[in-house]
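**Q**
In this note's numbering, the protein residues as written are 11 to 135.
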């Protein structure tokens, strides 16, 4: 049985507002823990490593390396590690026909979530 579900919601951003505002511009803004220095993207207000609650915002390049990818008939997703971050994140791939292992963060279009555009293969001839 197939059902279509459409949801409209407003995400309360609160103290994570700088992160979401950066995403809207296609920028990666991570959180560096004030206790242990762990950098998380997507950020968390409580450090997953040491539990500290203080920290500072840090800009990342927005580039990421694919760890694992999963392709479906309708979409492709990947577990990636953004350069400069100590954790992994799940993203949707904008151009799944590309098979490279690197990509860059994109601003969201009409769908929520993190989007990554894979880089074209380099021709070093």
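Note that the Cβ used here is the ideal one computed from N, Cα and C, for glycine as well.
Measuring only the C-alpha atoms, how far is residue 83 from residue 66?
**A** For this step, residue 83 is matched to residue 73 along the chain shown. For this step, residue 66 is matched to residue 56 along the chain shown. Distance between the alpha carbons of residue 83 and residue 66: 40 Å.
**Q** Please state whether the Cβ-Cβ distance between residue 89 and residue 126 is less than 8 Å.
**A** Residue numbering aside, residue 89 sits at position 79 when the chain shown is read from its first letter. Residue numbering aside, residue 126 sits at position 116 when the chain shown is read from its first letter. Not in contact: residue 89 and residue 126 (Cβ atoms no closer than 8 Å).
**Q** Here's the rule: buried if 16 or more other CB atoms are within 10 angstroms of the residue's CB, otherwise exposed. What is residue 131?
**A** The sequence position of residue 131 within the chain shown is 121, counting from 1. Flag for residue 131 reads exposed.
**Q** So with Cβ pairs under 8 Å, would you call residue 119 a contact of chain B?
**A** The displayed structure is made up of one protein chain only, and chain B is not part of it.
**Q** Between the C-alpha atoms of residue 64 and residue 27, what's the straight-line distance to the nearest angstrom?
**A** In the chain shown, residue 64 corresponds to position 54, counting from 1. In the chain shown, residue 27 corresponds to position 17, counting from 1. Residue 64 and residue 27: Cα-Cα distance of roughly 16 Å.
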